[in-house]
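Participant: One structure, as structure tokens, below. Some questions next.
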Amino acid sequence: MITCPHCGFKATETMPTDACQYFYECKGCGALLRPKQGHCCVFCSFGTVPCPPIQLRGGQGGCCSSA
């Protein structure tokens, strides 16, 4: 579930399993969400669980880094 920091609207969304989602448009207020500094995607910033690549790393490191 992703929660808009602007209006508080919550929506259940499907996360991509092999890529980061950099943008998300809130279905409540239309705000364009972007990841917070240091996060790889909107799910890591505003979701109830981090994205699958971060889950696989145990919450460590960025999922989009080339390291």
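Following the working numbering from start to finish, the sequence shown increments by one per residue and tops out at 123.
C-beta atoms are modelled at their ideal positions from N, C-alpha and C, and glycine is treated no differently.
(1) Which residues does DSSP pair with T59 in a beta bridge?
(2) Less than 7 Å between the beta carbons of F102 and T59, yes or no?
(3) From A67 to A87, what distance separates their C-alpha atoms?
(4) For M71, is the classification buried or exposed, using 16 other Cβ atoms within 10 angstroms of its Cβ as the cut-off for buried?
(5) Are the beta-carbon atoms belonging to G84 and F65 less than 7 Å from one another?
(6) Taking its Cβ as the centre, do 16 or more other Cβ atoms sit within 10 Å of C63, making it buried, or is it exposed?
Facilitator: To lay it out plainly:
(1) Translated into positions along the sequence shown, residue 59 becomes position 3. Its beta-bridge partners are K66.
(2) By one-based count along the sequence shown, residue 102 stands at place 46. By one-based count along the sequence shown, residue 59 stands at place 3. Cβ distance < 7 Å, so F102 and T59 count as in contact.
(3) Counting from 1 along the sequence shown, the entry for residue 67 is found at position 11. Counting from 1 along the sequence shown, the entry for residue 87 is found at position 31. Rounded to the nearest angstrom, the two C-alpha atoms are 13 Å apart.
(4) On the sequence shown, residue 71 is found 15 positions in, with the first residue counted as 1. Per the 10 Å Cβ criterion, buried.
(5) Numbered from 1 along the sequence shown, position 28 holds the residue referred to as residue 84. Numbered from 1 along the sequence shown, position 9 holds the residue referred to as residue 65. Yes, the Cβ-Cβ distance between G84 and F65 is below 7 Å.
(6) For this step, residue 63 is matched to residue 7 along the sequence shown. C63 is exposed by the Cβ-count criterion.
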